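Worksheet: one structure, shown below.
Numbering (my numbering), first residue to last: 53 to 249.
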């Protein structure tokens, strides 16, 4: 008679291992999501600042002191150039905004869980006609602009929204709702709006 010597794990042992893995996952996953959200917010701040830098270059070298009214005009190549005024990853044609997001601007680009866009600021007076800009922009260059970055899913892709204008200071709105140019032009900043550190 042969004695069978079964080797392996019992059902109880397997259930204990699965329970331990579940507990570890429950502890680790929220931290990973917070880290991803923090990374998305850092990317949005970087995009807002990059657009500000691109606008300054556009105004000084291409548009006679005026600012672009859209990301498409900043991405568009000047004659004889190999690069636009902002990175191609901010091109709305390449990275369209998220579907059904809050506060999305027309012509905004989706990047790292945020919709990022540019509009004319509080003074929309034309400084340079579109045809006279070095890249024959689709819209006239204007006296002021406003950049906005809004999370595609508040609390998931990001918690704060960001904005900046021609002065170059980036601002944040803590509740994640869309910021306006008037929010950062006010003599006293509204509650929940502050400069980004």
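Even for Gly, the Cβ is constructed at its ideal location relative to N, Cα and C. If you're wondering where the values come from, they're calculated on a predicted model, not measured in any experiment.
Taking residue 180 as the centre and dropping the five residues before and after it, the same chain places the C-beta of 115, 116, 118, 192, 193 closer than 7 Å to its C-beta, in chain order.
In the structure shown, residue 248 falls within a coil segment according to DSSP collapsed to helix, strand and coil. Secondary structure note for residue 82: its alpha helix (DSSP H) is the uninterrupted segment 63-113.
Residue pairing by DSSP places residue 180 opposite 193 in a beta bridge.
Distance from the CA atom of residue 209 to the CA atom of residue 130, rounded to whole angstroms, is 34 Å. By the Cβ neighbour-count rule, residue 242 is exposed, with fewer than 16 other Cβ atoms within 10 Å of its own. Pairing residue 164 with residue 95 gives a Cβ-Cβ distance under 9 Å. Look at residue 200 here: in three-state DSSP terms it is strand. For residue 141, the three-state secondary structure derived from DSSP is helix. Going by beta carbons, residue 199 and residue 121 fall outside the 9 Å limit. By the 16-neighbour rule on beta-carbons within 10 angstroms, residue 112 is exposed. Non-local beta-carbon contacts of residue 141 in its own chain, meaning distances under 7 Å to residues more than five positions away in sequence, involve 147, 163 in chain order. In this structure the region 201-216 lies against the region 85-93, because at least three pairs of beta carbons, one per stretch, are closer than 8 Å.
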